[in-house]
Amino acid sequence: MYRLSQSLTDAFSRRFSRTVREDYRQDEAYASTPQGRFWLAVAIVGLLLLPLLLPQYPMFVATQILVAALAGLGLHLLVGGAGQISLGQAAFVGIGAYTSSHLSGDLAPLGILAGGLVAALIGVVLGIPSLRIKGAYLAIATLAFQFLADYIFKRWTDFTGGVAGRKLPAEGTMLGLSLADDRVIFYLGLFFAIPMFFYAKRLLSTRAGRAWFAVRDNDLSAQLSGVDLVRSKLTAFALSAFYGGIAGGILMHLIGAVTPENFVLSFSIQYLAIVIVGGAGTVLGAVLGAFFIVLIPEVLSVIAGAFGPQYVAQLSAWRSVAFGVLILLFLILEPRGLVGLWGRIRDYFRTWPLPY
Amino acid sequence: MARVLLEAQDLHLSFRGVKALVGVRFSVSEGDLFAVIGPNGAGKTSLLNVLSGLYRPQQGRVVFLGEDLAGQSPQARVRKGLGRTFQNLELFRGMTVLDNVKLGAELAVGGYTDLAPKAVQEWKIRRHAEEVLDYLHLSPYRHAPAGALPYGLQKRVEVARALAGRPKLLLLDEPMAGLSLEEKQDLARFLLDARREWGVTLVLVEHDLKAVLELSTGVLVMSYGEVLYQGAPAGVRENPRVAEAYLGRSA
Amino acid sequence: MDFALVIQTALNGLANGALYAVIAAGFVLVYRATSVVNFAIAEFMLIGAYLTYTMSLFFPLLLAILLALPLAFLFGVLVERGFVRPLLGRNVVAVIMATIGLASTLDGTALILWGPDQKAMGAADVAQLPKEVPNLAFSLGGVFLSSKAVWSLLLALPLALLLVGGLKYSRYGVLLRAVSESETAALAMGINAPRVVAIAWGISAVMATVGGAFLAGAAGGGGPGHHLVLLGLIVFPVAILGGFDSVPGAVVAGLLIGLIEAFSQLYLESLLPGITQAIPFLIVLLVLLFRPYGLLGQHRIERV
Amino acid sequence: DAFRDAADRINDAGGIGGRRFELVVEDDGYDVARGTAVFNRIVQRESPEELVFVYGNSTGLSKALAPEITRLRLPYTATSFSNELADPQTYPTIFVFGPTYNDMAGALLQQIRRQRGRGAKIFLCYSNSEFGRDPIPFIKEQSARLGFQIVGEEVTPLAIADATPIVTKLRQAQPDFVILQGYVLTVEPILVRAAREQGIRATFMGTYYSAELALMQRAGAAADGFIVTYHNAYYYDTTVPAVEQIRALRRAKGRDLSYRTTYYMGSWMAMDVIAEAMRRAAAAGKLTRPGMIEALEGLGDYNAGGQARNMRWVSRRLPFTKLWRANVRDGRFDAITDWVDGSKL
Amino acid sequence: MAEINVENLKVVYRGVILALQGVSLRAGAGEAIALLGPNGAGKSTLVRALSGLLPQYDGRVLDGKIVVNGQEANHLPALKVAELGLTAILEGRPIFRYLTVLENLRAAAHKLTPQRQKEITDEIFTRFPRLYERRFEQGGYLSGGEQQMLLLGMALLTEPRILVVDEPSLGLSPKLTEEVMRVLNELRRDKGLTLVLVEQNARAAFAIVERVYVMEQGRVVFEGTAQEAQADADVMEFYLGGAVAGGFAEAKRYRRRKRWV
Ligand SMILES: Nc1ncnc2c1ncn2[C@@H]1O[C@H](COP(=O)(O)OP(=O)(O)OP(=O)(O)O)[C@@H](O)[C@H]1O
Ligand SMILES: Nc1ncnc2c1ncn2[C@@H]1O[C@H](COP(=O)(O)OP(=O)(O)OP(=O)(O)O)[C@@H](O)[C@H]1O
Ligand SMILES: [Mg+2]
Ligand SMILES: [Mg+2]
């Protein structure tokens, strides 16, 4: 009997405690094992070297992924973290893009930062209704925000250039580097993205993250555990918007222009899809999700291209079908997303041959 | 004479015609284990809700450590040292046991601005949380999602979360419901130890009369929002009104 | 102020509002039954309208609408079985995302099946003229009501009211609400939860079809095209204004928003172009800030 | 479809300068970011020297691409007739294969002058998009000059559910002409129907994107008399040589012979012109991008099998169009003018 | 013939957590059995398995047999099980929080004629007057105990032949606990109901059941009549607070639970 209970406890630890670490400090670090640290370093160096290896177009796509991952990550803090759903992330990306379009050239990084900050400020405003409403109601509120933002993007001609949008000068440079070069933009993106990824990971595993999760799971009892609901929700909204805004700034430089079409509902949905497909719960998920979502159209058009031009005409239809079906499949078959899929494979081998 | 920690003065509360509290007054001194009992729907949970700030009484005051709590938000009260567990489990089901307890521990250890994580502080919180987990024999489950634990363990995690904040006064809403006798005894032990070692004063709402009578230092019996009896545990069984409203024929 | 003009604008607003009401009522019904916010509601309208169109190639238009309804019901049930059922009980985000995925899938499928351009009811070829329902347009002392408006008021409004009545007075109403809260609990009480839910989805698809076919212009030429999806977004403001979980609320709010739109188009649009499109969403934000439960919504229970 | 047909014809005729004409098609689903991505990919994949012409879609995309196009000096056109694009100062390599929206509006105004003269009352109804707003200032300015009266103005979303509010305004304003701009047959049918139902007698007018048979199909009898501008040939107009070419090709390839849209015809025309320019450039031994621009500019009286008046560019556009009136009984648009120059008022 | 037979039942959650590891038990027609056990023993799991609701909790029967009324019910969906006349009252007070008390009862009575429904509802209200007072209140606002009463009322309205109850006295005052036990006992007597009672309040349970099972770690570790159980030293110590253990205040410090062999 005792052995049995022991094995039950073991089953728990196997599933939930990864490896038992000697000391709490190790348990709390980013990558607590030497291997972990090694792979992290490899990944970062790899990213830094990437532009030297790849030609322009793949770099363009890589930067797109970076942008999507940042915006998705921001949304992840809000959705996966604080459990507040938002269908307005594209609007924040837009706010960031428009703001930063006013400060380009040598000031580009500052412009991007400003974009993030302005977005964060507006994020706080959008967060206010979340103090009173949740779930589906909030989703609709953010949907409304998304539409109103679109309305303003199109109307406030002085700031946004109206329906026509704004265009960066073709020959813009930053510190002597051409801003038309996608590799330069990629580095610009990395400059923001790497610290922001670590920061997000850190936040989620410390105080702010705990407070968000608590609010997500049970906001009433979160209050009674000393969590300041107002502050917690508003920071989540502000941060999420900030990440979106920064992504917008980078996107603006990547395309070289801002027009309202880039910030419509379908993009908000795409960012949400990144969170879902990547797997709510981890920072890594946002990256994987962005990879996936950005690459689907690329892959599809390669396939369609192989069949010949007559199929290209229907491509956008097939793309929406593929996008939708993928989301549904993930939700139904692997709710924990790509990260979960990976975890399951790992678990399977770890517990194989005795799954129980 | 120990210091008076909490004082409820003439609390009134009603919901669309239902009277949940009618002029309830009592006081709890430091080191007490104050029990509140009464039939179902008597207003016990409502009383705790008023104390912890979830309901606003229509009349009356709550004084904690000599300060009137009127108008203070629930989380402000918790920060002042007024901890709480719930009748129906209100754990953060998706978080691990450890994170649940850490969240509580922040209250005791002191946090930091949440946007600027500090590793040192985080380790302190962790150490403190582990101590409480150890104490309540929850360490093996620290990485399990709280929602997947059996009911009894979840109750214990809830106690752990509240205790980790080192409250001065802990409000417990039926912590023993659904536990077997042996487990009740274990829990009683934990509570008594916490009281002794950490100086936590306890307010206990409970239906297990035997436990209440054996553990408490003072008892308040409520029925339909009114106070039926207040005093030493020994007097509860003798009181005819209590017997009629609460105990039934077996008394 | 021109009195006849005001009356006419009001009537037309109501006629349009009746269509919103019927769609939103179905949408809210699904929310009540499954707590699912169906972001694919606009696609339900689209599919419904295309079904009507396809039937109208073979039958007179009125009959075509009637024949499309059972198909739509079946479609609703299939969607529920295929995509919603496996996700019940998951968190809100997941379910919302699933309906968004569904929307995208349906959008693409419709595009592949029926092509990108707008269709005309009952006309398979550009050379044909559209089929039409009997012309019921009338004019009375300066007030003019188009045929489409009359048909909307005549068909959609009673349908919406029927649903409201049915929910209130039939036993199904209570069961539906019970199931919506907790399927597990309902199953434990022996309630056939899956069936209740499937029926709710079916009804919702039927109502979306009626609304969609009329918005697309069944009663007045024109026909389904993908712009219908844009028109379908109005459902969300309507539902929020009504209270989101209240079917009667949705009906009232539908009519109200129809009115507001009509008057805004008449008086505000020339001052602030684009405002008519934005107004429903402004209403959403205002409602959520000042009256989160809308006109007739239920308050959320929060007690420990 | 049109691109493929046109490419087939060119290649069947032996290609250009002995080389096969290759068409690279990418779809962007009208999404600027994706369009930009696709463009970059094409530029990457095709060695830029061989890429001599790009055909894009929306105005937004064209603008986003403009700097890059300018840098590469890449000849470009799009299915947009925005005034801004047809400006050789800002966009030295962009060609607009037809009149701009201003030219189209100009042609309509000429018609109004012909029909009614000074004092004509005009009502403007346009969508709240760049496309919708594009010619509006021009129309207002010219109307003032020509002594027309703008009696009302309505801005709507691209798609509407109900036209009654607009018709109500029409009844109040009592215009002689209603000019619709910026829709793709989403609003026109609903509006003319509602207007005719309510006894509005005004003449409705629209530009290129209204000039499609589906207008009659959706609006039914109400569409009769609707006046549009259109600068290519209709598919049913067998007197035009290009139409004959198309039909012959499709018959030969076993493709379906039913009606082709105006969009098809326009695309065919563009391809035909581009191929001709390439031929000439190849003949001159300059099948390069600058060579292409030169060849395009020098096309002169080439008329693409009757699908255009000629290729005399007026600041990189062709300001000529014809006016057509919808004839519901026959299910076609009847030409009511010959070529008119929309820029001359 | 309303009886339950469980043979060697094994249940896993999420494909990894083995909650029942071979449980066998039996309740004959009209018989009442009690199920005791510490937290996590698997009592609620057994209830879920019996009512066919395991899938709702991400669990599944791995092995073994459940026979209800002579019909095998291992993999029957919940609805079919309900049709066999088995009603389960689940853990966690699963009432419909947004329905009023009356509507809750109406929802549960969906199979009854209005006449019959009224009869039973009246009976419920006489037994639980507190519920009658709160009949127009939404379930979510009721106190814990009131919800428990409502739940029992709902179960009665399904007219079960087999009733499986998970901790009915949870959170009830002594007086009401007694009332609930009396109701259950009367039902059994009057309607020949088969009763499976999961209960921590052993003393109250023993008073109305014939036989007792004690579970631990997903297994049955004791089985016997109510008398035998009361005589057993371990049951005595752990569930009845017998002579061996002192009161709450003196309970030995962190006794480790003695393992059943
Ligand atoms: N928010 C509320 N709205 C309406 N009625 C309420 C609300 N909260 C409590 N009540 C009512 O007040 C009365 C007292 O409830 P309370 O939860 O305090 O009882 P209790 O003593 O804790 O009972 P139990 O022992 O059953 O938990 C009950 O009748 C309950 O229905
Ligand atoms: N949904 C679930 N997912 C995963 N594990 C579960 C789930 N439900 C129960 N378990 C596990 O199954 C085992 C038995 O749980 P069960 O709820 O049946 O115990 P119990 O005897 O009812 O305990 P209690 O007296 O606390 O209610 C426990 O170890 C628990 O962790
Ligand atoms: Mg209570
Ligand atoms: Mg249990």
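Protein chains in written order, with the numbering used here: chain V, 52 to 407; chain W, 2 to 252; chain U, 127 to 430; chain Y, 596 to 940; chain Z, 6 to 266. Cβ coordinates follow ideal geometry from the N, Cα and C atoms, glycine included.
Check: Should Leu-241/V go down as buried or exposed, given a rule of 16 or more other Cβ atoms within 10 Å for buried?; Outcome: buried
Check: List the residues of chain V whose Cβ lies closer than 7 angstroms to the Cβ of Val-79/W, in chain order.; Outcome: Leu-275, Ser-276 and Gly-277
Check: Looking only at its chain, what residues have a beta carbon closer than 6 angstroms to the beta carbon of Ile-226/U, apart from the 5 residues adjacent to it on each side?; Outcome: Phe-165
Check: What is the DSSP secondary structure of Phe-342/V, counted as helix, strand or coil?; Outcome: helix
Check: Measure the Cβ-Cβ separation of Lys-245/U and Tyr-179/U and say whether it is below 8 angstroms.; Outcome: yes
Check: The alpha helix (DSSP H) that contains Asn-142/U, what's its start and end?; Outcome: 129–160
Check: Hey, does Thr-631/Y have any beta-carbon neighbour from chain V nearer than 8 angstroms?; Outcome: yes
Check: Put Ser-224/W into one of helix, strand or coil per three-state DSSP.; Outcome: strand
Check: Report buried or exposed for Ser-161/U, applying the criterion of at least 16 other Cβ atoms within 10 angstroms of its Cβ.; Outcome: buried
Check: Check each residue of the stretch 43–75 of chain W: if its Cβ is closer than 9 angstroms to any Cβ of chain Z, include it; give the result in chain order.; Outcome: Ala-43, Gly-44, Lys-45, Thr-46 and Ser-47
Check: Consider the Cβ of Pro-173/Z: report whether some Cβ of chain U lies at a distance smaller than 8 angstroms.; Outcome: no
Check: When every heavy atom of ligand 2 is checked, does at least one fall within less than 7 angstroms of the C-beta of Gly-84/W?; Outcome: no
Check: Quick one: list the residues of chain Y neighbouring Ser-272/U, beta-carbon separation under 9 angstroms, in chain order.; Outcome: Asp-757, Ala-758, Thr-759, Val-762, Arg-788, Ala-789, Glu-792 and Gln-793
Check: Within the 8 angstroms Cβ cut-off, does Arg-72/V reach chain W?; Outcome: Model confidence at Arg-72/V stands at a pLDDT of 43, short of 50, so the residue's coordinates are unreliable and nothing is read from them.
Check: Quick check on the DSSP output: the beta strand (DSSP E) that includes Ser-28/W runs from which residue to which?; Outcome: 19–30
Check: Between Val-52/Z and Ala-93/Z, which are expected to be in contact by the criterion C-beta below 8 angstroms, what is the C-beta distance as a whole number of angstroms?; Outcome: 6 angstroms
Check: Should Gln-403/U and Pro-760/Y be called a contact, given that it needs their Cβ atoms to be closer than 8 angstroms?; Outcome: no
Check: Hey, quick one: how far does the beta strand (DSSP E) through His-304/V stretch, first residue to last?; Outcome: It is not in any beta strand (DSSP E) - His-304/V instead sits in the alpha helix (DSSP H) that spans 280–306.
Check: If you draw a straight line from the alpha carbon of Ala-388/U to that of Leu-381/U, how long is it in whole angstroms?; Outcome: 11 angstroms
Check: So Asn-318/U contacts chain Y; which residues on that side make the cut at Cβ distance below 9 angstroms?; Outcome: Ordered by position in chain Y, no residue passes the 9 angstroms Cβ test against Asn-318/U, which lies about 38 angstroms from the chain.
Check: Taking 7 angstroms as the cut-off, does the CB of Ala-32/Z come closer than this to any heavy atom belonging to ligand 1?; Outcome: no
Check: Quick one: is Pro-179/Z buried, meaning 16 or more other Cβ sit within 10 Å of its Cβ, or exposed?; Outcome: buried
Check: Give me the Cα-Cα distance between Gln-3/Z and Asp-68/Z, rounded to the nearest whole angstrom.; Outcome: With chain Z running from 6 to 266 in the structure shown, residue 3/Z is simply not present.
Check: Quick one: is Val-132/U buried, meaning 16 or more other Cβ sit within 10 Å of its Cβ, or exposed?; Outcome: exposed
Check: Which residues, in chain order, does the stretch 89–109 of chain Z contribute to contact with chain B at a C-beta distance below 8 angstroms?; Outcome: The structure shown contains no chain B; its protein chains are V, W, U, Y and Z.
Check: When burial is assigned at 16 or more other CB atoms within 10 Å of the CB, is Phe-63/V buried or exposed?; Outcome: Because the pLDDT at Phe-63/V is just 43, under 50, the model does not fix this residue reliably, and the point stays unresolved.
Check: Taking 7 angstroms as the cut-off, is the CB of Lys-119/W close to at least one heavy atom of ligand 2?; Outcome: no
Check: Does Phe-634/Y come out as helix, strand or coil in the three-state DSSP assignment?; Outcome: helix
Check: Using 8 angstroms as the threshold, is the C-beta distance between Gly-139/V and Phe-210/V below it?; Outcome: no
Check: What do you reckon, are the CB atoms on Leu-90/W and Lys-45/W nearer than 8 angstroms?; Outcome: no
Check: Could you list which residues in chain Y have their beta carbon closer than 8 angstroms to that of Ala-246/U, in chain order?; Outcome: Ala-809, Gln-812 and Arg-813
Check: Tell me which same chain residues have a C-beta within less than 7 angstroms of the C-beta of Gln-793/Y, skipping the five on either side of it?; Outcome: Val-762 and Arg-766
Check: Which residue's Cα is closest to the Cα of Ser-317/V: Gly-147/V, Leu-194/V and Asp-268/V?; Outcome: Leu-194/V
Check: Taking only beta-carbon atoms, is Thr-694/Y less than 8 angstroms away from chain V?; Outcome: Note that residue 694/Y is Pro in the sequence shown here, rather than Thr. Not an interface residue.
Check: Are Ala-133/V and Ala-287/V touching if we call contact CB-CB under 8 angstroms?; Outcome: yes
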